[in-house]
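Heads up, the thing below is written out as structure tokens.
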Amino acid sequence: MVVQTPPRQYSIEEYLAHEETAEYRSEYSDGEIIPMAGGSINHNRIIRNLSRLLELALQTQPYEVFLSDLRLWIPRYREYTYPNILIIKDEPIFQEGRKDTVLNPCIIFEVLSKSTSSRDRGDKFTYYRSIAEFQEYILIDQYQIHIEQFSKTPDGNWLFKETDDEDGILTLVAANCQIPHRQIYERVNFETQIE
0 MVVQTPPRQY
10 SIEEYLAHEE
20 TAEYRSEYSD
30 GEIIPMAGGS
40 INHNRIIRNL
50 SRLLELALQT
60 QPYEVFLSDL
70 RLWIPRYREY
80 TYPNILIIKD
90 EPIFQEGRKD
100 TVLNPCIIFE
110 VLSKSTSSRD
120 RGDKFTYYRS
130 IAEFQEYILI
140 DQYQIHIEQF
150 SKTPDGNWLF
160 KETDDEDGIL
170 TLVAANCQIP
180 HRQIYERVNF
190 ETQIE
């Protein structure tokens, strides 16, 4: 009989110290340090496209777009994550004593990969929903044109919409802007996708 050793549990302080010197970023899940996988070329193209499009679409509104280097702390679940893109309305609220970790995104984008899609759709969405300011969650498939959108209603329920329409338009309810699917997937080549 093989006895499995449980993964080492790290304190928040140990994790944050690890991140200060680590060559690669990791997320933190209630004591466990989870190394982040590298992104593919299509993953990077989608993030680049979204960043550019969101900056233009939101430039006259009180929103700021941040990319995956900004850490998010979710206190209820003791989770640190690095969403691919997060949008904050007005000013960022930082974790106490930190200037590199925020608490208040209203919109989060994740570009799905084979290694992260289950966690992005499952646990992470549960964690994100505990954030009071969080209003919209967008999941972008990098292997085909497919977008999943979860929008919070005024009564606190979540509406789900999905599409694979190349000519469709992503409408962000929380930020009142529209982005054509073709522009999100500009220069993405599904034929060369490797992970």
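Sequential numbering from 0 applies to the sequence shown in numbering that gives the first Met the number 0.
Don't be surprised by glycine CBs; every beta carbon is placed ideally from N, CA and C.
Remember, predicted model here, so these are calculated numbers, not experimental data.
Residue(s) in a DSSP beta bridge with residue 172:
Paired residue(s): none; residue 172 is not in a bridge.
Do the stretch 10-18 and the stretch 153-165 make contact, defined as three or more Cβ pairs closer than 8 Å?
no
Comparing C-alpha positions only, which one of 177, 48, 114 sits nearest to residue 183?
48
Closest residue to residue 160 among 5, 44, 40, 148 (Cα-Cα distance):
148
The alpha helix (DSSP H) spanning residue 119 covers which residue range?
116-120
Give the DSSP-derived three-state secondary structure of residue 194 in the structure shown.
For residue 194, the predicted structure reports a pLDDT of 49, less than 50, and the residue's modelled location is therefore unreliable. A value from the coordinates is still provided. In this structure, residue 194 counts as coil in the three-state DSSP scheme.
Are there 16 or more other CB atoms within 10 angstroms of the CB of residue 123, so buried, or fewer, so exposed?
buried
Quick one: what's residue 62 bridged to in DSSP?
88
Can you tell me whether residue 119 is buried or exposed, with buried defined as 16 or more other CB within 10 angstroms of its CB?
buried
As a quick exercise: from 158, 176, 157, 113, pick the residue whose alpha carbon is nearest that of residue 39.
113
So the candidates are 178, 100, 99, 153; which of them puts its Cα closest to the Cα of residue 137?
178
Counted within 10 angstroms of its Cβ, other Cβ atoms place residue 12 as buried (16 or more) or exposed:
exposed
Given a cut-off of 7 Å, decide if residue 173 and residue 134 are closer than it, judged by their beta-carbon atoms.
yes
Could you check if residue 141 is buried or exposed, using at least 16 other CB atoms within 10 Å of its CB as the buried criterion?
buried
Quick one, are the C-beta atoms of residue 195 and residue 110 less than 7 Å apart?
Because the chain is modelled from 0 through 194, residue 195 falls outside the range shown and cannot be assessed.
Using DSSP with H/G/I as helix, E/B as strand and the rest coil, what is residue 98?
coil
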